[in-house]
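Quick notes on the structure that follows.
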Amino acid sequence: MKRITIDPITRLEGHGKIEIFLKDDGDVENVYFQVPELRGFEKFCEGRPVEELSQIVTKICGVCPGCHHMASGKAADAVYGVEPPPTAKKIRELFYMAHFVHSHIAHFYALAAPDFVVGPTAPAAERNILGVIGKVGVEIGTEVIKQRRIAQEIQALLGGHQTHVVLNIPGGVRKGLTEEQRADIEEKAKGFVEFGKFSIKLFEDVVLGNKDYVDIIVNGPYNLTLHSMGLVDENNKVNFYDGKVRVVDTQGKEHCKYAPEEYMEYVAERVEPWSYLKFPYLKKIGWKGFVDGQDSGVYHATPLSRLNAADGMATPLAQIEYEKMYETLGGKPVHATLAMHWARLIELLYSAERALELVTDPDITGKELRTPVNKPDEGVGIVEAQRGTLTHHYWTDEKGIVKKVNIIVGTTNNNAPICMSLKKAAQGLIKKGVEVSDGILNMVEMAFRAYDPCFSCATHSLPGEMPLIVNIRDAEGNIIQSVKRDNCNC
Amino acid sequence: MLIFIELEKQSGDVEDNRMKKAKTLVLGVGNEILSDDGIGPKLVSRLKGDLPHSEVCYENICLGGLEIIEFIRGYQNVIIIDAIKTASGKPGDVYLLSPDHFKETHHLSSFHDVSFLTGLKMSEKLGFEVPGVILIIAVEIVEDTLFSESFSPEIQTKYEQIYSEVYSFLEPALYGDQSVDQFQNLITRV
Numbered sequence: 000m001k002r003i004t005i006d007p008i009t010r011l012e013g014h015g016k017i018e019i020f021l022k023d024d025g026d027v028e029n030v031y032f033q034v035p036e037l038r039g040f041e042k043f044c045e046g047r048p049v050e051e052l053s054q055i056v057t058k059i060c061g062v063c064p065g066c067h068h069m070a071s072g073k074a075a076d077a078v079y080g081v082e083p084p085p086t087a088k089k090i091r092e093l094f095y096m097a098h099f100v101h102s103h104i105a106h107f108y109a110l111a112a113p114d115f116v117v118g119p120t121a122p123a124a125e126r127n128i129l130g131v132i133g134k135v136g137v138e139i140g141t142e143v144i145k146q147r148r149i150a151q152e153i154q155a156l157l158g159g160h161q162t163h164v165v166l167n168i169p170g171g172v173r174k175g176l177t178e179e180q181r182a183d184i185e186e187k188a189k190g191f192v193e194f195g196k197f198s199i200k201l202f203e204d205v206v207l208g209n210k211d212y213v214d215i216i217v218n219g220p221y222n223l224t225l226h227s228m229g230l231v232d233e234n235n236k237v238n239f240y241d242g243k244v245r246v247v248d249t250q251g252k253e254h255c256k257y258a259p260e261e262y263m264e265y266v267a268e269r270v271e272p273w274s275y276l277k278f279p280y281l282k283k284i285g286w287k288g289f290v291d292g293q294d295s296g297v298y299h300a301t302p303l304s305r306l307n308a309a310d311g312m313a314t315p316l317a318q319i320e321y322e323k324m325y326e327t328l329g330g331k332p333v334h335a336t337l338a339m340h341w342a343r344l345i346e347l348l349y350s351a352e353r354a355l356e357l358v359t360d361p362d363i364t365g366k367e368l369r370t371p372v373n374k375p376d377e378g379v380g381i382v383e384a385q386r387g388t389l390t391h392h393y394w395t396d397e398k399g400i401v402k403k404v405n406i407i408v409g410t411t412n413n414n415a416p417i418c419m420s421l422k423k424a425a426q427g428l429i430k431k432g433v434e435v436s437d438g439i440l441n442m443v444e445m446a447f448r449a450y451d452p453c454f455s456c457a458t459h460s461l462p463g464e465m466p467l468i469v470n471i472r473d474a475e476g477n478i479i480q481s482v483k484r485d486n487c488n489c
Numbered sequence: 000m001l002i003f004i005e006l007e008k009q010s011g012d013v014e015d016n017r018m019k020k021a022k023t024l025v026l027g028v029g030n031e032i033l034s035d036d037g038i039g040p041k042l043v044s045r046l047k048g049d050l051p052h053s054e055v056c057y058e059n060i061c062l063g064g065l066e067i068i069e070f071i072r073g074y075q076n077v078i079i080i081d082a083i084k085t086a087s088g089k090p091g092d093v094y095l096l097s098p099d100h101f102k103e104t105h106h107l108s109s110f111h112d113v114s115f116l117t118g119l120k121m122s123e124k125l126g127f128e129v130p131g132v133i134l135i136i137a138v139e140i141v142e143d144t145l146f147s148e149s150f151s152p153e154i155q156t157k158y159e160q161i162y163s164e165v166y167s168f169l170e171p172a173l174y175g176d177q178s179v180d181q182f183q184n185l186i187t188r189v
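Right, dumping it as structure tokens:
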């Protein structure tokens, strides 16, 4: 066995890469964001019983396994033409709210907060969660870890395992909830609500209380005028687990609203030779290129788009914050990319409130956990993942053996917007005669970090890790500056 | 902060259910359905059968970042087995690394989360219990972009050799007194 110091260069080069091409005059000509291809997941699923898929898909990626489990479970319901009983649906949604709580906490405090709490151009060595703890205090850092862990423990309790979840079966769930477990989760959900309120207060104090940050959010080179996608309930309120997919145009007018099984009528995917990842767009508008505006087919599926696409939040405290955000930012829809962080915190509060609603619902400890299934055929399941609308589509034979699988993951929806956001940020920040500092490059990265991208499953890649390289090339394609990041929060 | 104090009162202390009886954790990290990426978990599953020990816990996870940090809390010694790709490594090469002298293996970095090293530093800053010894055994792999339950031909060919090398290191380590000093002495002999 060798004992050496390792610098896994190929690992970095093989993963996330931003290529910034400059013109002769030093301004930005174009920007490409590339991630590697992971091959064969859909193929891997073929030939397996459809009820196994909800467990297999949690192994696509360790970042949002609960989302894949939930979309898969719903797709399997649809394959068997069955609707779970109320108790089963509420247990699923309760699990899912805990999943959102833990994920949104991680994104805000570990990934977003360093840019705002420590500062977008602060030295890289300080611009991380350690820097955040240094600024806000050890107590808050401890609370972040604690609330996140509690959310994980609820997932483990309900799902059998916090990552490799075994909750869903076609037509329902494997196990119910005892009164003792329910009471315990209720207390924890109350803690989530307080933590959600605290996080929004922190955002208001640290970000909205700083004129420079507000200026970056509202007037910085981060705004894209895109259509907005999100799952809504029967009242057009935000829902992560169930409902119809609604898309509003750049002016907030409903473009379409469709049931999961209709998704292929509304969404198509474009392939570009320079990227392994596809570029979904609105089929009825068509692909008009990497452009924003009312005539473009490009949409985004993010926390902000979910709020744009809905008429409000289904819980009271989140609704107050929803109204406050739109009032502050000039009304609906909002096109400020960095406002995604604010929207994400409103979603954190919604998830917490919704968890508390569900766990205090008398149905939650019901005994009817499953509806008998029908003959299997074909089915689509859609949920909102933290990173966008997640679609699983399965075709089976008459025995429920999978013949074909199609998955459109959350981040894939945002592939074109991420590329466009990066280009716009680079064009706004990198100018002739201006030194391209680490701070400026970080501000370029902020454009895509807002999307909370996880290319692990977007490319069916490795769980949760994607080191990044930023190359700046001159007009002849020569690299004139290269920055490697082992982690975006390093 | 006032808000925080109120929060503390509401949420209370979380019982740390991760306090372990075993002294040592051998942790396989990777995705078993992603070709060579699953080398860590597959090695650990086999080691669990071949080197059973009352004070050793064998686990496999497919996670990174804060998840691993939480997973290793409460153990005295932690040995992580992961996949790695280096610039000049040969398939099947086995490296012994410590947090002081490695940058990243496959699952100990995270774009979506904090890195392993950042997480360790954070744990220390927050006063969490951090294992006295953390070692990383990294195996040079070939294929990690194809979903498959099989290894690449290169790793499959060298699998027994890889296992033997890892076993040879772990056997004396685990069957000693498992003190921090013993592990550190072992490292210096590699």
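The listed protein sequences correspond, in order, to chains A and B.
Counting from 1, position 7 in the first sequence corresponds to residue 6 in numbering that gives the first Met the number 0; the numbering is continuous, with no gaps.
Counting from 1, position 45 in the second sequence corresponds to residue 44 in numbering that gives the first Met the number 0; the numbering is continuous, with no gaps.
C-beta atoms are modelled at their ideal positions from N, C-alpha and C, and glycine is treated no differently.
- Closest option to ALA82 (chain B), judged by alpha-carbon separation, among B:ILE136, B:GLU148 and B:ILE60: B:ILE136.
- Beta-bridge partners of TRP394 (chain A) (DSSP): A:GLU377 and A:LYS403.
- Against chain B, the CB of VAL137 (chain A) has a partner CB under 8 Å away; the residue lies at that interface.
- With a contact defined as Cβ atoms closer than 8 Å, ASP232 (chain A) and PRO169 (chain A) miss out at about 23 Å.
- With a threshold of 8 Å between beta carbons, THR336 (chain A) makes no contact with chain B.
- According to the DSSP secondary-structure assignment, GLN33 (chain A) is paired through a beta bridge with A:LYS16.
- Close to ASN127 (chain A), with beta-carbon spacing below 8 Å, are these residues of chain B in chain order: VAL113 and THR117.
- Comparing C-alpha distances from LYS41 (chain B) to each of B:ASP92, B:GLY175 and B:ILE154 shows the shortest one belongs to B:ILE154.
- Here the alpha carbons of LEU348 (chain A) and SER167 (chain B) stand approximately 51 Å from one another.
- In its chain, beyond the 5 residues on either side, PRO85, THR86 and LYS89 have a beta carbon closer than 8 Å to the beta carbon of ASP362 (chain A).
- When beta bridges are read from the DSSP output, ARG245 (chain A) appears opposite A:GLY229 and A:LYS256.
- The alpha carbon of GLU264 (chain A) has as its nearest neighbour, out of A:LYS22, A:ILE284, A:VAL100 and A:VAL247, the alpha carbon of A:ILE284.
- DSSP places PHE40 (chain A) in the uninterrupted alpha helix (DSSP H) bounded by 40-44.
- If you ignore the 5 residues before and after GLY242 (chain A), its C-beta comes within less than 6 Å of the C-beta of LEU230, VAL231 and ASP232, all in its own chain and listed in chain order.
- Neighbourhood of ILE32 (chain B) in chain A, by CB distance below 8 Å: PHE43, ILE55 and LYS58, in chain order.
- Assigned with DSSP and collapsed to three states, TYR158 (chain B) falls in helix.
- Taken atom to atom, the span from the alpha-carbon of PRO51 (chain B) to that of VAL237 (chain A) is near 50 Å.
- Taking the Cα of MET96 (chain A) as reference, the smallest distance to any Cα among A:LYS189, A:ASN414, A:PRO272 and A:LEU276 is reached at A:LYS189.
- Residue pairing by DSSP puts LEU24 (chain B) in a beta bridge opposite B:CYS56 and B:VAL77.
- With a 10 Å radius around the Cβ and a threshold of 16 neighbouring Cβ atoms, HIS160 (chain A) comes out exposed.
- In the DSSP assignment, PHE107 (chain A) falls outside any alpha helix (DSSP H) and carries neither an H nor an E.
- Around the beta carbon of GLN293 (chain A), fewer than 16 other beta carbons lie within 10 angstroms, which makes this residue exposed.
- Spatial neighbours of THR314 (chain A) in its own chain (CB-CB distance under 8 Å, excluding positions within 5 residues in sequence) are listed in chain order as LEU348, TYR349, GLU352, ARG353 and GLU356.
- Cβ contact annotation for ARG386 (chain A) (same chain, cutoff 6 Å, sequence separation greater than five): GLY409, THR410, ASP451 and CYS453, in chain order.
- Assigned with DSSP and collapsed to three states, HIS299 (chain A) falls in strand.
- Contact note: PHE40 (chain A) reaches chain B through PHE146, using a C-beta cutoff of 8 Å and chain order.
- For ALA309 (chain A), the closest of A:GLU377, A:GLY195, A:ASN235 and A:PRO272 by C-alpha to C-alpha distance is A:ASN235.
- In the three-state scheme derived from DSSP, where H, G and I count as helix and E and B as strand, ILE136 (chain B) is classed as strand.
- Within 10 angstroms of the beta-carbon of VAL55 (chain B) lie 16 or more other beta-carbons, which makes it buried.
- Contact residues of the segment 401-421 of chain A toward chain B are absent (C-beta to C-beta distance below 7 Å).
- Taking the Cα positions, GLN181 (chain B) is about 15 Å away from LEU24 (chain B).
- Among the residues of chain A, those whose CB is under 7 Å from the CB of LYS120 (chain B) are LEU129, following chain order.
- Per DSSP, reduced to three states, the secondary structure at GLU268 (chain A) is strand.
- ILE345 (chain A) sits away from GLU322 (chain A), with the two beta carbons spaced by 8 Å or more.
- When secondary structure is reduced to three states using DSSP, GLU28 (chain A) falls in the strand class.
- Take the alpha-carbon of GLU253 (chain A) and the one of HIS391 (chain A): they are about 24 Å apart.
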